[in-house]
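Novice:
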């Protein structure tokens, strides 16, 4: 153990001096290159997809008792955006398309709410404050690789933070805010 904790100079029979500190640093560098996971960034750009024509309700918005049901057509009537190729930490991968959450909230008068409750079909819920919503850009995903998102791929709606993809977990918003199978956004 002492060998690795201190730098040692060693003379060989040929009287060459070997600096074990340099060797140790070299080995650590080589080994760490195999153990690190590279970070990558995800770009988001305008999408060319035409809006959905599906008018079936998929999302409930508003205050408890004063909710509004909206469809995929309603959501996709807002400007659409698409990520570059990415991997969702829970499985799906590809190009994720949808609308910025802030645009959706502004459209339905919810943007200034101090705290919103996001509820998934299975009852999972998270609360996101206005401060958190202002700090990061959340994308309300409606499509994966140009197609509506199936329940097998965590659909029909996902909430993601594209700027956090590929970052170390201590540099990101909590992945708890990435909610899938989303079906309600309520003021709390």
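Residue numbers (the working numbering): 84 to 271.
C-beta atoms are modelled at their ideal positions from N, C-alpha and C, and glycine is treated no differently.
These numbers come from a predicted model, not from an experiment.
When DSSP labels each residue in this structure, what does residue 116 get in the three-state scheme?
Specialist: Because the pLDDT of residue 116 is 48, which lies under 50, any placement of that residue in the model is unreliable, and the number read from its coordinates should be weighed accordingly. Correct three-state label for residue 116: helix.
Novice: Going by beta carbon distance, what residues of the same chain come within less than 8 Å of residue 151, once the five residues before and after it are set aside?
Specialist: Correct list, in chain order: 143, 144, 145 and 191.
Novice: Mind reading off the beta-carbon distance from residue 183 to residue 220? Whole number of angstroms is fine, and I expect it under 8 Å.
Specialist: Their Cβ separation, rounded to whole angstroms, is 6 Å, which keeps residue 183 and residue 220 in contact under 8 Å.
Novice: Would you report the Cα separation of residue 147 and residue 269, rounded to the nearest angstrom?
Specialist: In a straight line, the C-alpha of residue 147 is about 7 Å away from that of residue 269.
Novice: Could you give the DSSP three-state label for residue 260: helix, strand or coil?
Specialist: Helix.
Novice: Could you check what DSSP says for residue 240 in three-state terms: helix, strand or coil?
Specialist: Note: residue 240 maps to coil in three-state DSSP.
Novice: Near residue 210, which residues of its chain fall below 8 Å by C-beta distance, leaving aside the five closest residues on each side in sequence?
Specialist: If we look at residue 210 and ignore the five residues flanking it on each side, its Cβ neighbours are 198, 199, 200, 201 and 271.
Novice: Using the C-alpha atoms, what's the distance from residue 223 back to residue 243?
Specialist: Each residue's Cα considered, the two are about 7 Å apart.
Novice: Could you tell me the alpha carbon to alpha carbon distance between residue 121 and residue 149, rounded to whole angstroms?
Specialist: With a pLDDT of only 46 at residue 121, under the threshold of 50, the placement of this residue in the model should not be trusted; the figure read from the coordinates follows. Each residue's alpha carbon lies about 46 Å from the other.
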